[in-house]
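What follows is a short report on a single structure.
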Amino acid sequence: MSASNENLKDMIGQEYKDGFVTDIESESFPPGLNEDVIRALSAKKEEPEFLLEWRLEAYRHWLTMEHPEWSFVEFPKIDFQDISYYSAPKSMDDGPKSLDEVDPELISTYNKLGIPLEEQMRLAGVAVDAVFDSVSVATTFKDKLAEAGVIFCSFSEAVKEHPELIKQYLGTVVSQFDNFYAALNAAVFSDGSFVYIPKGVRCPMELSTYFRINAANTGQFERTLIVADEGSHVSYLEGCTAPMRDENQLHAAVVELVILKDAEIKYSTVQNWYPGDENGLGGIYNFVTKRAECREENAKVSWTQVETGSAITWKYPSVVLKGDNSIGEFYSVALTNNYQQADTGTKMMHIGKNTSSTIISKGISAGHGQNTYRGLVKVGRNAENARNYTQCDSLLMGDQCGAHTFPYIETKHPSATIEHEASTSKISEDQLFYCMQRGISAEDAVSMIVNGFCKEVFKELPMEFAVEAQALLGISLEGSVG
Amino acid sequence: MSVTHLPNTHYTSLLSAHENNLVGQDVSWLNSLRKKAIEAFSVTGFPTLREEEWRYTNISPIEKKQFAVAEKPGKLDAAFVKAVLLEGCYHLVFVDGFYQAEFSSMDGLSAGVTVSALSEGLSEHESLVKSLLDSTVETPALGFINFNTALFTDGAVISIEENTVLDKPIQLAFISSKEAALKLTNSRNLVLAKASSKASIIETFHSVEESCHHTNVITEVVVEPNANLSHNRLQAESLKAYHIGGVYSRLENNAIFNQSNYTFGANLSRCEIHGTLGEASDCTLNGLYVGQDKQHMDNHTRLNHAQPHAVSNEFYKGVLGDNSRGVFQGRIVVAQDAQKTDAKMNNRNLLLSDRAEVDAKPQLEIYADDVKCAHGVTVGQLDETAIFYLRSRGADKQTAKNMLTFAFANEMIERIDFEPLRMAVLEELLKRFPQAGMKKEWL
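Protein sequences, first through last, are from chains A and B.
Numbering follows my numbering, with no gaps: position 64 of the first sequence is 64.
Numbering follows my numbering, with no gaps: position 328 of the second sequence is 328.
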C-alpha cells in the first residue's frame, strides 16, 4: 500500500489517540461496505422493513454515482471500504475516569470558553454518576416538551415510536439519491435527531442536540429530521460548542427541515470539530447536506452557522422556497486557519410567489486557509416578486491564505429583484493602530475587529451561543497575527 | 457514469480537408502550430454544458448545423459596406473571413504603424506574427481557440511603434455576405502596442442579410509598458448567426487597456474577454448586451491580476426582452504576489419579459491579502416610482418604460469617446426598440 494510502487510513480510520478508550471490538463492524453490512446495521437497530429497503435503494444508487470533483477543496481520495460503518456506543465505563485523564490542552480550551466543570466532564466523555444534575435537568425538559406535544428524540427511537412520521417525511427534502454523500448517508446513517412540532405549538425552549448527543453518541453519519407543522415555531441548536474530538474523521451528515404553513424553524450551528494540527495533519472532513423546504405559504426558515472547525468544510445549507410568501435566511461565519479549507455557502431556490431570501456570509482566512463562498440564487419561472439580498464579505489575514467567491445567480422572472454584493479586504492598519494606542494588545485588537466583522451573523445566534462563538473565534485565530 | 464527449466528426474532418488551403500554408512554424491545434481539437472537440465555464451556454446547435468552411468572399454591395464603415477611421474590411482591399483604406497612416491583413502581409511581418500568434490565449486552450488556430483564413496584424500616437482609430469591419449562409468563418487578429504608444481599435461585425452563419474570431492583444490601447467591439450580426469571439490580452507594466464590448446580434453569441495584468497596469472592461427574441448572449470575462498595484474596473449591463437569455460570467484572480490590487466588477441586468432569463456568475479568487476587491450583481425590473414620475408628467406607460430602458442602456453607450462609434452603437440600440418613440437627438 502506498504511503499516501497509509496516511489516509490513519486519517480516516484512526481513533483519537489522546484519552478515550473506545475499542469494544466485538461491537464494531469490520471496515467495509456492502448490502450485508447495511442489512446487519438495520437489523441491529431493529428497523422496520421500509427503512431497510430505503437504505438499500440508496446504496444501490450510490454505487452508480461518481465522487463530485467540482469543489474548491483538496483532499486525498477516500476509500469507503476502509471505514467501519457501525460502532457501538461507548459505555460510560470505558471513558476517562476523571478530568485528570483528559488531554490538558482540551481542558485549557474549555476553561477559555468558560464551560462549567460538569459540562467539561460531559463533553470530554468522562463517566459521571448521579451527582451530575444535568441528567435530571434533561429529564425535566423531556416532561415539559411532552406536555407541549413536541417530539424530540433520537432517530432510532423515532423509527420505533413514530414510524408513520418517519415514513411520511424522511427523504422528502433530501432524497436518498440526492448527491454522493447524501446517498451514502442514507445507506448507512447510524442515528440522529428527530423533532416534530405539532400544529400551533411554539416550542417552549430551544432544542439542542447537546443534551442528546452524549446519551446516544451518534456516529459519523447522522441524520436530522425536523418537521414544523402548521403555525409552529422552534429554535434548534446543533453542534458542539467545544472541540469535541470525534474519533471518526469523515462526517457526512444530512439535515432535513420541513416547514409547513405559517411555521418557522431557526436552525443554529456552531461547528468546531477538530481542525487538524497547525501543519494540516488530521482533522474532520465535514461533508454535510442540509436543506430546508418551506413547503407551504408563509413558512420561514433561518440557517445560522459559525464554522470554525473541521479540516475541510463542504456544505451548503439550502432553502427551497416553495410556499408563497415564504422566507429563507442564511447567516454564516466561516473561519479557516492553518491548513483548513472551507467551501460553503447556500442555495436559495425561489419557486413560490412573493418569496424572499437573505444571505449574509462572512469568510475569514488566516494562515494557509482557503475559504470559498459558493452560493446559488435561483428564481423560477413562476416565482413572482422574488426578492434576494446577498452580501458576502471576506477578510484576509496573512499572505498565504485565499478567499474566493463563486456566486451563481439564475433568474427567470422579470419581477425578481436580486442584489449581490461581495467585498474582500484585510484588517486595516488604521483600525489596528487605533486599538493598540488605547492599550489593547495586537491579538485582542484583531479578535475585536474580527468580531465586529461578524456581528451581523452573531446577532442572529441565541444568546449563549453568540458568547461562545465569539470566544471560539478568538481561540481559533490565536497565533495568526504576525 | 461519465459520458465521454466525442468531438464532432464533421468539424474534425473539416480541419484536415482544409489543411492545405489556408493563409500561410508555406510557413512551416505556422503549419506545425496548426497541426498541434488540430490534434488538440480532435481530442476535446467543442465544449459542452458539463464544463463549468460553459454551463449556461449550449453550443450543440453549432455542432448540429454542420457549417461548411467559407472558401472565398461573397459579393458585396458597396452601399452596405459604406453604411458599416465609421467616419474618421482607417478601415480594413474582411468579407466572409477574407481581406478585401477594394473596400479598405489606410491612406495617411503614419510611419510608426504597421497595419496589414495576414493574407497580404504575412511574409513581410512574419516575425511579428510569430511573436504574437498564440501568445496570449491561455492553456489549457479551449476547443474554439484550437478550432480557430487550425482554420483561420485571415485577419489583421497591427503594430504601433514605440512612442507613437495613432491619429485615428483603426476599424476592422467583418462582414458576412449572402454567400456566407450555413458557412463558418475563422479570423485571427494580432495587435501589438509597443512601449509608450497610443492607439484605438474598433472591431465591427455585421451580416448582409438575416442568414444563419458562424463567426469565430479571436483577437490577441499585447500592450507593452506605458502604452495605452483602446479596443472596442460592436457585434450586430444577423439574429440567426452564431458568434464566438475572444479578446485575449496581456498588459505589461503600467499599461492601460480599455475594452468595450457591445452585443446586439446573433442567435447565440459568446464573447471571452481575458486579460493578464502586469504591475501597476490599468484595465477597464465595459459591456452592454441587449437581447430580444430568442437570443442567447454570453459574456465571459477573466482578469488575472498577476502582479502588484494593478487596477481593474469592470462594468457590464444587460437588457433582456422576449425569450432572450443573458449570461454574465466574470472572474477575477488575484495571485499571491499581486498585493495592492484594486479590482471592481459590476453587473446589472434588466429583465423586460417574463420569459427572459439571466444567469450571472461573478467570481473572485484571491490569494493575496492586501487587496481591495469587490463585485456586485443586480437583477431587477424598472423602478415603479420612476415610471410613475414620468407618467405624472404625461408620458404613457410604454413610453415611460422605454425611456427608462434607454437610459439604463445608454449609460454604457455614453462611455464611448469616439463620436462615430457612439452613434453607430446608439443606432443599433434604437433599432432594437423601434416602438420606443425615442429620438437619437434626445440622447
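Every residue, glycine too, gets a C-beta built ideally from N, C-alpha and C.
So histidine 243(B) is in the alpha helix (DSSP H); what residue range does that whole segment cover?
-> Counting along the chain, histidine 243(B) falls outside any alpha helix (DSSP H), though it belongs to the beta strand (DSSP E) covering 242-251.
Helix, strand or coil: how does DSSP classify serine 2(A) here?
-> The predicted position of serine 2(A) is uncertain, since its pLDDT is 42 and thus under 50; a value taken from the coordinates is nonetheless stated next. In this structure, serine 2(A) counts as coil in the three-state DSSP scheme.
Closer than 8 Å at the beta carbon, the chain A residues around glutamate 357(B) | Listed along chain A are Glu410, Thr411 and Lys412, each with a C-beta nearer than 8 Å to that of glutamate 357(B).
Using 8 Å as the threshold, is the region 340-359 of chain B in touch with the region 375-389 of chain B, meaning 3 or more CB pairs across them?
-> The way I'd put it, the region 340-359 of chain B does touch the region 375-389 of chain B; three or more beta-carbon pairs between them come closer than 8 Å.
Chain A within 8 Å of glutamate 52(B), Cβ atoms only | Yes, glutamate 52(B) lies at the interface with chain A (some Cβ there is under 8 Å from its Cβ).
Along chain B, in chain order, which residues have C-beta atoms closer than 7 Å to that of serine 415(A)?
-> Within chain B, the residues placing a beta-carbon under 7 Å from that of serine 415(A) are Gln381, ordered along the chain.
With 8 Å as the C-beta to C-beta threshold (strictly closer), list the residues of the region 388-411 of chain A near chain B in chain order.
-> Flagged, chain order: Ser394, Leu396, Met397, Gly398, Asp399, Gln400, Cys401, Gly402, Ala403, His404, Thr405, Phe406, Pro407, Tyr408, Ile409, Glu410 and Thr411.
Taking only the alpha-carbon atoms, compute the straight-line gap between leucine 251(B) and serine 193(A) and give it to the nearest angstrom.
-> Approximately 57 Å, taken between the alpha carbons.
Answer yes or no: does any C-beta atom of chain B fall closer than 8 Å to that of histidine 420(A)?
-> It does: the Cβ of histidine 420(A) has a partner Cβ on chain B nearer than 8 Å.
Using the beta-carbon count (16 or more within 10 Å), is valine 126(A) buried or exposed?
-> For valine 126(A), the predicted model reports a pLDDT of 44, less than 50, meaning its position is unreliable; a value from the coordinates is still stated below. Buried is the call here.
Check whether aspartate 293(B) and tyrosine 56(B) have beta carbons under 8 Å apart | In terms of Cβ geometry, aspartate 293(B) and tyrosine 56(B) do not form a close pair [threshold 8 Å].
Residue nearest to leucine 33(A) in terms of C-alpha spacing, selected from Ala187(A), Phe465(A) and Ile284(A) | Selected option, being the one with the closest Cα: Ala187(A).
Taking all protein chains shown into account, decide if glutamine 25(B) is buried (16 or more other Cβ within 10 angstroms of its Cβ) or exposed.
-> An exposed status is given to glutamine 25(B), since fewer than 16 other beta-carbon atoms sit within 10 Å of its beta-carbon.
So is methionine 67(A) buried or exposed if we call it buried at 16+ other beta carbons inside 10 Å?
-> Sequence inspection shows histidine at residue 67(A); the methionine mentioned does not correspond to that position. Around the beta carbon of histidine 67(A), fewer than 16 other beta carbons sit within 10 angstroms, so the residue counts as exposed.
In three-state DSSP terms, what is methionine 463(A)?
-> Helix, per DSSP.
Do you know how far the Cα of valine 301(A) is from the Cα of lysine 322(A)?
-> Approximately 12 Å, taken between the alpha carbons.
Return the first residue and the last residue of the alpha helix (DSSP H) that arginine 60(A) is part of.
-> Element bounds for arginine 60(A): 49-64.
Relative to the alpha-carbon of aspartate 483(A), which residue among Met436(A), Cys454(A) and Ser175(A) has its alpha-carbon at the smallest distance?
-> Lying outside 1 to 482, the shown extent of chain A, residue 483(A) is not represented and no answer is given.
Beta-carbon neighbours of glutamine 336(B), restricted to chain A and to distances below 7 Å | Those within 7 Å of glutamine 336(B) in chain A are Asp399.
Report all residues from its chain with a CB closer than 7 Å to the CB of lysine 130(B); omit the five preceding and five following residues, and keep chain order.
-> The beta carbon of lysine 130(B) is closer than 7 Å to those of Trp29 in its chain, skipping five residues each way along the sequence.
What residue does the alpha helix (DSSP H) around alanine 407(B) start on, and which one ends it?
-> Segment 397-413, the alpha helix (DSSP H) holding alanine 407(B).
In this structure, does DSSP put leucine 192(B) in helix, strand or coil?
-> Correct three-state label for leucine 192(B): strand.
Using three-state DSSP, classify aspartate 417(B) as helix, strand or coil.
-> Note: aspartate 417(B) maps to coil in three-state DSSP.
Cβ of serine 357(A) less than 8 Å from any chain B Cβ?
-> The Cβ of serine 357(A) sits no closer than 8 Å to any Cβ of chain B.
For histidine 214(B), collect the residues of the same chain with a Cβ closer than 8 Å to its Cβ; drop the 5 residues on either side in sequence, then sort them by chain order.
-> Around histidine 214(B): Ile62, Lys65, Phe67, Lys183, Leu184, Thr185, Ala241, Tyr242, His243 and Ile244.
Using a Cβ cut-off of 8 Å (strictly closer), state whether valine 377(B) contacts chain A.
-> The Cβ of valine 377(B) sits closer than 8 Å to at least one Cβ of chain A.
Test: glutamate 365(B) CB closer than 8 Å to a CB of chain A = For glutamate 365(B), the answer is yes, since a Cβ of chain A falls inside 8 Å of its Cβ.
Does the region 249-268 of chain B touch the region 140-157 of chain B, meaning 3 or more C-beta pairs lie closer than 8 Å?
-> Too few Cβ pairs lie closer than 8 Å, so no.
Straight-line CA distance for valine 311(B) to tyrosine 389(A)?
-> The alpha-carbon atoms of valine 311(B) and tyrosine 389(A) are separated by roughly 27 Å.
Count the other C-beta atoms from every protein chain shown that fall within 10 angstroms of the C-beta of serine 332(A), then say buried if there are 16 or more, exposed otherwise.
-> Buried: at least 16 other Cβ atoms inside 10 Å.
Does the beta carbon of serine 425(A) come closer than 8 Å to any beta carbon on chain B?
-> For serine 425(A), the answer is yes, since a Cβ of chain B falls inside 8 Å of its Cβ.
Alpha carbon of glutamate 428(B) to alpha carbon of aspartate 322(B), nearest angstrom = Their backbone Cα atoms lie some 17 Å apart in a straight line.
Assuming alanine 366(A) and leucine 281(A) form a contact by the criterion Cβ under 8 Å, report the distance between their Cβ atoms to the nearest whole angstrom.
-> The C-beta separation of alanine 366(A) from leucine 281(A) comes to about 18 Å, leaving the pair out of contact by the 8 Å criterion.
Cα separation between tryptophan 314(A) and leucine 207(A)?
-> Going from the Cα of tryptophan 314(A) to the Cα of leucine 207(A) covers about 25 Å.
Would you say tryptophan 70(A) faces chain B, with C-beta separation under 8 Å as the test?
-> It does; some Cβ of chain B falls within 8 Å.
Please check if any C-beta of chain A sits within less than 8 Å of the C-beta of proline 47(B).
-> Chain A contact via Cβ: absent.
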